[in-house]
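Report on the structure given below.
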Amino acid sequence: MTDLENSLATIIDVFHKHAEKEGDKHKLKKSELKDLINDELPNLVGQVKDQATMDSLMESLDSDGDSECDFQEFMTFITMVAVCCHEFFEHHEDE
Ligand SMILES: [Ca+2]
Numbered sequence: 003m004t005d006l007e008n009s010l011a012t013i014i015d016v017f018h019k020h021a022e023k024e025g026d027k028h029k030l031k032k033s034e035l036k037d038l039i040n041d042e043l044p045n046l047v048g049q050v051k052d053q054a055t056m057d058s059l060m061e062s063l064d065s066d067g068d069s070e071c072d073f074q075e076f077m078t079f080i081t082m083v084a085v086c087c088h089e090f091f092e093h094h095e096d097e
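Counting in my numbering, the sequence shown runs from 3 upward without gaps.
Structure representation (structure tokens):
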């Protein structure tokens, strides 16, 4: 597979690895989303420790209102992180 295809497969793998820990295997509950961020995105997002941050993040991602993060909602988050990253590196290239 190409680099891009591998990257997409990795995103899917990581989502399922965390989603299947507890409850619905196809959705991240808040604690699973928190673990995913802390385990898999420590350099780009940083550690999320306080509950208020997790509450507001889940609220903003949970577009269907079931209090869990499905794959589509998770991809919205990944898109946000990727866009922020891209902007960050673009600014650094200019300097
Ligand atoms: Ca949801």
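Just so you know, even glycine gets a beta-carbon here, dropped at the ideal spot from N, CA and C.
Please indicate yes or no: does the CB of D26 lie closer than 7 Å to some heavy atom of ligand 1?
no
E75: CB within 7 Å of a non-hydrogen atom of ligand 1
yes
Just to confirm, does C71 get its C-beta within under 7 Å of one of the non-hydrogen atoms of ligand 1?
yes
DSSP has D64 in a bridge; who is on the other side?
In DSSP, D64 forms no bridge with anything.
Compute the Euclidean distance between the alpha carbons of E24 and L35, then round it to the nearest angstrom.
11 Å
Do L43 and C98 have their beta-carbon atoms positioned less than 8 Å apart in this structure?
This structure gives no information on residue 98, because the portion of the chain shown stretches from 3 to 97.
May I ask whether a heavy atom of ligand 3 can be found less than 7 Å away from the beta carbon of D57?
Among the ligands modelled here, namely ligand 1, ligand 3 does not occur.
Beta-carbon spacing of L30, F76 below 8 Å:
yes
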